[in-house]
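S.K.: Heads up: the protein sequence lines correspond to chains A and B, in order.
Using my numbering, read the first sequence as starting at 2 and increasing by one per residue.
Using my numbering, read the second sequence as starting at 7 and increasing by one per residue.
Have a look at the structure that comes next, please.
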Amino acid sequence: MNSLLNQQSPKTDNLVSPYLPSAATVERVTKLTEKERLFTVTPLAAIGGLPVSFDPGQFFMCGLPGYGEAPFSVASMPVNSHINGSPKQSFDLCIRAVGNLSNAMHRIKKGDRVYLRGPFGRGFKTDELKGKDLLFIAGGIGIVPMRSFIKSVAGKDSYGKLTLICGAKTPEEILFQGEMDEWKDMGMDVRLTIDKRHPGWKGNVGVVTTLISSLKLKPDKTVAAIIGPPVMYKFVALALRKKLIKDASMLVSLERRMKCGFGKCGHCQINSSYVCQDGPVYRLTDLAGLPEAF
Amino acid sequence: MADKNQYRYLTKTGLKSLINGLMKDRVVYGAVKKDGFPAFGRITRFEDLELSQTPTHLSAKEFFFPQRECLLKFDIPTGAHEPVVASQGQAVIGLHPCDIHALNLMDKVFAHGTSDANYLTRRADTVIIGAECFPDEYCFCSSVETMNANAGFDIFLHEIKSGFLTHTGTDAGRHLLGKLTKTVKASASRIKELDRLKKKKEGAFKTRLNAPAKDLPGIYAQSSDSPVWGKIGAICYGCGSCNNVCPTCCCFDVKDEVGANLKDGLRVRVWDGCTLEDFAKVAGGHNFRKTRAERLRHRFNRKFRYLTDKFNALFCVGCGRCSRACLVKINIAQVTNELIAESTITKNR
Ligand SMILES: Cc1cc2nc3c(=O)[nH]c(=O)nc-3n(C[C@H](O)[C@H](O)[C@H](O)COP(=O)(O)OP(=O)(O)OC[C@H]3O[C@@H](n4cnc5c(N)ncnc54)[C@H](O)[C@@H]3O)c2cc1C
Ligand code: SF4
Ligand code: SF4
Ligand code: FES
Numbered sequence: 002m003n004s005l006l007n008q009q010s011p012k013t014d015n016l017v018s019p020y021l022p023s024a025a026t027v028e029r030v031t032k033l034t035e036k037e038r039l040f041t042v043t044p045l046a047a048i049g050g051l052p053v054s055f056d057p058g059q060f061f062m063c064g065l066p067g068y069g070e071a072p073f074s075v076a077s078m079p080v081n082s083h084i085n086g087s088p089k090q091s092f093d094l095c096i097r098a099v100g101n102l103s104n105a106m107h108r109i110k111k112g113d114r115v116y117l118r119g120p121f122g123r124g125f126k127t128d129e130l131k132g133k134d135l136l137f138i139a140g141g142i143g144i145v146p147m148r149s150f151i152k153s154v155a156g157k158d159s160y161g162k163l164t165l166i167c168g169a170k171t172p173e174e175i176l177f178q179g180e181m182d183e184w185k186d187m188g189m190d191v192r193l194t195i196d197k198r199h200p201g202w203k204g205n206v207g208v209v210t211t212l213i214s215s216l217k218l219k220p221d222k223t224v225a226a227i228i229g230p231p232v233m234y235k236f237v238a239l240a241l242r243k244k245l246i247k248d249a250s251m252l253v254s255l256e257r258r259m260k261c262g263f264g265k266c267g268h269c270q271i272n273s274s275y276v277c278q279d280g281p282v283y284r285l286t287d288l289a290g291l292p293e294a295f
Numbered sequence: 007m008a009d010k011n012q013y014r015y016l017t018k019t020g021l022k023s024l025i026n027g028l029m030k031d032r033v034v035y036g037a038v039k040k041d042g043f044p045a046f047g048r049i050t051r052f053e054d055l056e057l058s059q060t061p062t063h064l065s066a067k068e069f070f071f072p073q074r075e076c077l078l079k080f081d082i083p084t085g086a087h088e089p090v091v092a093s094q095g096q097a098v099i100g101l102h103p104c105d106i107h108a109l110n111l112m113d114k115v116f117a118h119g120t121s122d123a124n125y126l127t128r129r130a131d132t133v134i135i136g137a138e139c140f141p142d143e144y145c146f147c148s149s150v151e152t153m154n155a156n157a158g159f160d161i162f163l164h165e166i167k168s169g170f171l172t173h174t175g176t177d178a179g180r181h182l183l184g185k186l187t188k189t190v191k192a193s194a195s196r197i198k199e200l201d202r203l204k205k206k207k208e209g210a211f212k213t214r215l216n217a218p219a220k221d222l223p224g225i226y227a228q229s230s231d232s233p234v235w236g237k238i239g240a241i242c243y244g245c246g247s248c249n250n251v252c253p254t255c256c257c258f259d260v261k262d263e264v265g266a267n268l269k270d271g272l273r274v275r276v277w278d279g280c281t282l283e284d285f286a287k288v289a290g291g292h293n294f295r296k297t298r299a300e301r302l303r304h305r306f307n308r309k310f311r312y313l314t315d316k317f318n319a320l321f322c323v324g325c326g327r328c329s330r331a332c333l334v335k336i337n338i339a340q341v342t343n344e345l346i347a348e349s350t351i352t353k354n355r
């Protein structure tokens with residue numbers, strides 16, 4: 002009888018709950034600042050050879066039972082290694098303590114488990130960017146998703162000149178400064194700035210846009226990736242347009258409240274676009290006509 | 007519209023047999039009266055059923071997408087997560103054509119891309135029996151092409167003086183009618199009576215949109231900067247009632263509820279509403295739709311443009327529930343008519 006009923010309704014054969022997460026083991030917790038910690042996680046399904054596969058800029062819904070879930074960007078690409086002889090893959094999530102779940106995440110220790118769904122959304126398509134000069138502009142915690150992008154292109158011959166502009170409120174809040182030195186060694190031009198004067202800081206002071214004017218960019222060859230707080234996008238786009246970078250060559254990653262990750266809960270919707278599916282990484286031209294984008 | 011030859015005549019006693027038959031192996035919900043108002047509720051006796059001519063205050067979405075539902079159970083010490091896809095054989099009786107259209111739209115949302123097992127399983131386990139209606143002053147389904155339903159139900163009932171004319175939308179519906187009750191081919195005079203009723207319904211709309219349905223997405227696309235949003239934003243309470251009563255509003259929040267033993271708990275989803283202040287707020291306090299005007303603009307555009315772009319159908323079915331429920335009398339049809347009046351699309355016609 003139900004098989005007859007199924008004829009008119011959408012198919013329900015073999016439906017599995019899309020809300021069920023899978024466990025991942027925390028391999029390492031690194032305290033970056035008072036507010037940010039880096040978690041290296043190994044999805045259990047990946048032990049024994051199942052590949053974890055994602056593009057930089059994509060995200061996972063990460064949760065703890067009792068604390069709910071929230072979206073977190075991949076902060077690295079998958080890294081292969083071995084435990085007790087069997088291959089495994091791990092990757093990084095970097096979490097700022099701001100609320101219910103993220104504060105609970107900060108109490109997590111090596112060997113504990115977190116629960117993941119994903120990867121979701123569209124990230125940076127590194128293959129399509131081969132041959133380009135890449136300009137990374139990160140504000141605050143925007144360096145986290147940017148790190149997965151940088152790690153997947155840094156040191157590779159197939160890309161042109163790599164430049165990173167990274168800004169934060171204070172020197173301590175510029176994450177991954179140690180790694181930035183390694184990126185410099187790989188040939189990347191790294192420029193840092195902080196919002197206001199700070200004792201002991203000898204570098205640039207001012208918002209990230211102040212570093213753009215002095216750059217020498219090849220407009221036809223450059224693609225810019227921009228990730229930061231919402232206010233940043235408009236000003237960075239203006240500064241880049243002055244450098245003759247086209248909107249089609251600017252990639253941005255947007256943040257929204259997200260509860261599902263696959264176009265159901267409605268929280269991430271901007272006009273007819275769902276950030277969890279069509280984003281978080283967009284070409285700036287795809288956001289034309291979406292005044293609520295940022 | 008159903009083929010005339012398809013109509014079968016069912017007496018009131020015949021309907022009773024059908025409902026009683028359904029109650030034997032299903033949980034049956036249907037149109038009832040609550041505090042004198044039409045609503046959907048559980049039916050345990052045929053006499054509970056009071057088919058209503060005008061829309062119920064709340065839509066029937068709660069039977070497919072409950073206000074609160076468990077998505078999974080977890081155990082904190084072991085970290086075990088167990089998915090919950092709860093569904094029961096059920097029947098919902100008395101959905102009007104607009105309600106059936108709304109269900110078909112919810113199907114699109116929950117089936118596109120990653121399927122939502124919870125909704126879709128319930129939908130598949132439900133017998134839908136539709137019923138004809140008559141507009142009140144808020145209804146405007148005739149303006150959004152949802153006045154008649156051709157699909158999305160198993161059986162449809164048209165009430166006439168001496169009983170019902172039925173037609174079926176699925177094999178399951180035909181099977182149920184044949185198995186649980188008795189119908190006869192509708193006579194020409196009864197079909198004529200139905201035609202008269204349909205004409206009467208068509209003429210009875212007090213609310214109409216002043217533009218054809220196909221122009222509405224374009225008209226909304228021109229309206230982003232309209233003063234209308236500020237005007238209604240200034241009086242809106244941001245109470246979310248319009249989201250609650252709407253048959254196509256299906257946004258939700260997900261949260262964990264930990265048991266009293268602090269060991270196990272549930273991950274639940276609950277209805278959420280885009281007119282509520284926190285809906286688009288992110289960490290750091292940034293709110294992508296800060297003002298009530300922006301939130302109403304989002305809700306109305308979702309109905310007439312945003313989801314239309316994505317699913318190729320208007321997501322307002324013209325039931326008028328949001329207008330009926332609004333404490334400050336924001337009326338979606340009036341607002342839309344104001345936008346139509348401002349639009350160049352209508353002026354160039
Ligand atoms: C694609 C994407 C990638 C992301 N990547 C990262 C990342 O790599 N690292 C990272 O740290 N963060 C990231 N975020 C942000 C992160 O998902 C949020 O900060 C998330 O809210 C943290 O969850 P929480 O439960 O800790 O916070 P919540 O408890 O949800 O609270 C966070 C903040 O949200 C607001 N808020 C929450 N609930 C309410 C409410 N009911 N009323 C009013 N305000 C409320 C408050 O401002 C509060 O401070 C990302 C977000 C997206 C969309
Ligand atoms: S927007 Fe209002 S009139 Fe349209 S379907 Fe929803 S409740 Fe009914
Ligand atoms: S029901 Fe009326 S007052 Fe309440 S949120 Fe909707 S439009 Fe605003
Ligand atoms: S996160 Fe739920 S719709 Fe995008």
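C-beta atoms are modelled at their ideal positions from N, C-alpha and C, and glycine is treated no differently.
These figures come from a predicted structure and were not determined experimentally.
Output the distance between the C-alpha atoms of Thr176 of chain B and Ser23 of chain B, rounded to the nearest integer angstrom.
M.R.: For the purposes of this step, residue 176 of chain B is taken as residue 170 along the second sequence, with counting starting at 1. For the purposes of this step, residue 23 of chain B is taken as residue 17 along the second sequence, with counting starting at 1. Looking at the two C-alpha atoms, the distance is approximately 20 Å.
S.K.: To be precise: take each residue of the region 49 to 82 of chain A, compare its Cβ to all Cβ atoms of chain C, and keep it if any distance is under 9 Å. Which residues remain?
M.R.: Judged by its chain identifiers, the structure shown contains no chain C, and its protein chains are A and B.
S.K.: Please classify Pro44 of chain B: does DSSP put it in a helix, a strand, or coil?
M.R.: Start at 1 with the first residue of the second sequence, and residue 44 of chain B comes out as number 38. DSSP places Pro44 of chain B in strand when its eight states are reduced to three.
S.K.: Is Ile82 of chain B near Lys269 of chain B, with beta carbons less than 8 Å apart?
M.R.: Mapped onto the second sequence, residue 82 of chain B falls at position 76. Mapped onto the second sequence, residue 269 of chain B falls at position 263. Cβ atoms of Ile82 of chain B and Lys269 of chain B: closer than 8 Å.
S.K.: Along the region 16 to 29 of chain A, where does the CB come closer than 9 Å to a CB of chain B? Name the residues.
M.R.: Result list: Leu16, Val17, Ser18, Pro19, Tyr20, Leu21, Pro22, Ser23 and Ala24.
S.K.: Does at least one heavy atom of ligand 1 sit under 7 Å from the Cβ of Ile96 of chain A?
M.R.: Taking the first sequence and counting its residues from 1, one reaches residue 96 of chain A at position 95. Ile96 of chain A: yes, Cβ under 7 Å from ligand 1.
S.K.: Confirm, please, whether the CB-CB distance from Gly279 of chain B to Gly246 of chain B is below 8 Å.
M.R.: On the second sequence, position 240 is the one that residue 246 of chain B refers to. On the second sequence, position 273 is the one that residue 279 of chain B refers to. Against a cut-off of 8 Å, the Cβ pair of Gly279 of chain B and Gly246 of chain B comes out as a contact.
S.K.: Where are the alpha helix (DSSP H) runs, 4 residues long or more, that stay fully inside the region 146 to 220 of chain A, in chain order?
M.R.: You should have 178 to 186.
S.K.: For ligand 3, I want to know if Ser65 of chain B counts as a neighbour, meaning its beta carbon is within less than 7 Å of at least one of the ligand's heavy atoms.
M.R.: Numbered from its first residue, the second sequence carries residue 65 of chain B at position 59. Ser65 of chain B Cβ: outside cutoff for every heavy atom of ligand 3.
S.K.: Phe170 of chain B to Arg327 of chain B, Cα distance in whole Å?
M.R.: In the second sequence, residue 170 of chain B corresponds to position 164, counting from 1. In the second sequence, residue 327 of chain B corresponds to position 321, counting from 1. Cα to Cα, Phe170 of chain B sits roughly 26 Å from Arg327 of chain B.
S.K.: Indicate, with yes or no, if ligand 2 has a heavy atom lying under 7 Å from the CB of Arg327 of chain B.
M.R.: If you number the second sequence from 1, residue 327 of chain B lands on position 321. Yes.
S.K.: For Pro231 of chain A, return the contacting residues in chain B, with the cut-off set at a CB-CB distance below 8 Å.
M.R.: As a first step, residue 231 of chain A is located in the first sequence; it is residue number 230 there, counting from the start. Correct list: His292 and Phe294.
S.K.: At a cut-off of 7 Å, is Gly179 of chain A close to ligand 3 when judged by its beta-carbon and the heavy atoms of the ligand?
M.R.: Locating residue 179 of chain A in the first sequence gives position 178, where the first residue counts as 1. No, Cβ of Gly179 of chain A sits at least 7 Å from all heavy atoms of ligand 3.
S.K.: Quick check on the burial criterion: 16 or more other C-beta atoms within 10 angstroms. Buried or exposed for Ser23 of chain A?
M.R.: What you label residue 23 of chain A is simply residue 22 of the first sequence in a count that begins at 1. Ser23 of chain A is exposed by the Cβ-count criterion.
S.K.: Per DSSP, which residues does Tyr116 of chain A bridge with? Please list them.
M.R.: Numbered from its first residue, the first sequence carries residue 116 of chain A at position 115. According to DSSP, Tyr116 of chain A bridges with A:Ala24 and A:Gly64.
S.K.: Is it buried or exposed, Ile161 of chain B, if we count other Cβ atoms within 10 angstroms and call 16 or more buried?
M.R.: Counted from its first residue, the second sequence places residue 161 of chain B at position 155. That one is buried.
S.K.: List the residues of chain B that Lys110 of chain A touches, going by C-beta distances under 9 Å, in chain order.
M.R.: Start at 1 with the first residue of the first sequence, and residue 110 of chain A comes out as number 109. Near Lys110 of chain A there are no residues of chain B at all, since even the closest Cβ is about 14 Å away, more than 9 Å.
S.K.: Does any C-beta atom of chain A lie closer than 8 Å to the C-beta of Ala108 of chain B?
M.R.: Here residue 108 of chain B is taken as the residue at index 102 of the second sequence, counted from 1. No - not a single Cβ of chain A is within 8 Å of the one on Ala108 of chain B.
S.K.: Consider the Cβ of Ser273 of chain A: report whether some Cβ of chain B lies at a distance smaller than 8 Å.
M.R.: Counting from one through the first sequence, the residue named residue 273 of chain A turns up at place 272. Judged by the 8 Å Cβ criterion, Ser273 of chain A is in contact with chain B.
S.K.: Which residue comes first and which comes last in the alpha helix (DSSP H) that contains Ser23 of chain B?
M.R.: Translated into positions along the second sequence, residue 23 of chain B becomes position 17. Where Ser23 of chain B is concerned, the enclosing alpha helix (DSSP H) stretches over Lys18 to Asp31.
S.K.: May I ask you to check if the CB of Val323 of chain B is nearer than 7 Å to at least one heavy atom of ligand 2?
M.R.: Counting from 1 along the second sequence, the entry for residue 323 of chain B is found at position 317. For ligand 2, at least one heavy atom lies less than 7 Å from the Cβ of Val323 of chain B.
S.K.: In whole angstroms, give me the CA-to-CA distance for Thr34 of chain A and Arg129 of chain B.
M.R.: Here residue 34 of chain A refers to the residue found at position 33 of the first sequence. Here residue 129 of chain B refers to the residue found at position 123 of the second sequence. So the two alpha carbons sit approximately 49 Å from each other.
S.K.: What did DSSP end up calling Gly246 of chain B once you bin it into helix, strand or coil?
M.R.: Within the second sequence, residue 246 of chain B is the residue found at index 240, counting from 1. Coil, per DSSP.
S.K.: Using only the alpha-carbon positions, how far apart do Glu143 of chain B and Lys335 of chain B sit?
M.R.: For the purposes of this step, residue 143 of chain B is taken as residue 137 along the second sequence, with counting starting at 1. For the purposes of this step, residue 335 of chain B is taken as residue 329 along the second sequence, with counting starting at 1. Rounded to whole angstroms, Glu143 of chain B to Lys335 of chain B spans 13 Å at the Cα level.
S.K.: Determine, using beta carbons only, whether Leu193 of chain A and Cys167 of chain A come nearer to each other than 8 Å.
M.R.: Numbered from its first residue, the first sequence carries residue 193 of chain A at position 192. Numbered from its first residue, the first sequence carries residue 167 of chain A at position 166. Contact flag set, yes.
S.K.: Measure from the C-beta of Phe236 of chain A to each C-beta in chain B and report whether the shortest distance is under 8 Å.
M.R.: Here residue 236 of chain A refers to the residue found at position 235 when the first sequence is read from its first residue. False, the Cβ-Cβ gap to chain B never drops below 8 Å.
S.K.: Under 8 Å between the Cβ atoms of Phe46 of chain B and Ala37 of chain B?
M.R.: Stepping through the second sequence from its first residue, residue 46 of chain B is reached at position 40. Stepping through the second sequence from its first residue, residue 37 of chain B is reached at position 31. Contact flag set, yes.
S.K.: Exposed or buried, Asp221 of chain A, counting other C-beta atoms within 10 Å across all chains shown (16 or more means buried)?
M.R.: One-based indexing of the first sequence puts residue 221 of chain A at position 220. Exposed.
S.K.: If you measure from the beta carbon of Leu126 of chain B to each beta carbon in chain A, is any gap under 8 Å?
M.R.: To locate residue 126 of chain B, count along the second sequence from 1; it is residue 120. Yes, contact with chain A.
S.K.: Check for me: the alpha helix (DSSP H) holding Leu314 of chain B runs from which residue to which?
M.R.: Locating residue 314 of chain B in the second sequence gives position 308, where the first residue counts as 1. Looking at the sequence itself, residue 314 of chain B is Thr, so the reference to Leu does not match. That run of the alpha helix (DSSP H) goes Leu313 to Phe317.
S.K.: DSSP on Arg38 of chain A, reduced to helix/strand/coil?
M.R.: As a working note, residue 38 of chain A is residue 37 in the first sequence. Reduced to three states, the DSSP call for Arg38 of chain A is strand.
S.K.: Whole angstroms is fine: what's the gap from Leu28 of chain B's alpha carbon to Leu163 of chain B's?
M.R.: Walking along the second sequence from the start, residue 28 of chain B turns up at place 22. Walking along the second sequence from the start, residue 163 of chain B turns up at place 157. Taking the straight line joining both Cα atoms gives about 15 Å.
S.K.: List, in chain order, every chain B residue whose beta-carbon is nearer than 8 Å to that of Gly280 of chain A.
M.R.: Stepping through the first sequence from its first residue, residue 280 of chain A is reached at position 279. The premise fails here: Gly280 of chain A is roughly 13 Å from chain B at the closest Cβ pair, so nothing lies under 8 Å.
S.K.: Thinking C-beta only, is Val276 of chain B closer than 8 Å to Gln2 of chain B?
M.R.: Here chain B comprises residues numbered 7 to 355, so residue 2 of chain B is not present and cannot be evaluated.
S.K.: Using 8 Å as the threshold, is the C-beta distance between Leu320 of chain B and Ala219 of chain B below it?
M.R.: The sequence position of residue 320 of chain B within the second sequence is 314, counting from 1. The sequence position of residue 219 of chain B within the second sequence is 213, counting from 1. The answer is yes: Cβ separation under 8 Å.
S.K.: Spatial neighbours of Glu68 of chain B within its chain, please: CB distance less than 7 Å, with the 5 preceding and 5 following residues excluded, ordered by chain position.
M.R.: Translated into the one-based positions of the second sequence, residue 68 of chain B becomes position 62. So the list is empty, once near-sequence residues are dropped.
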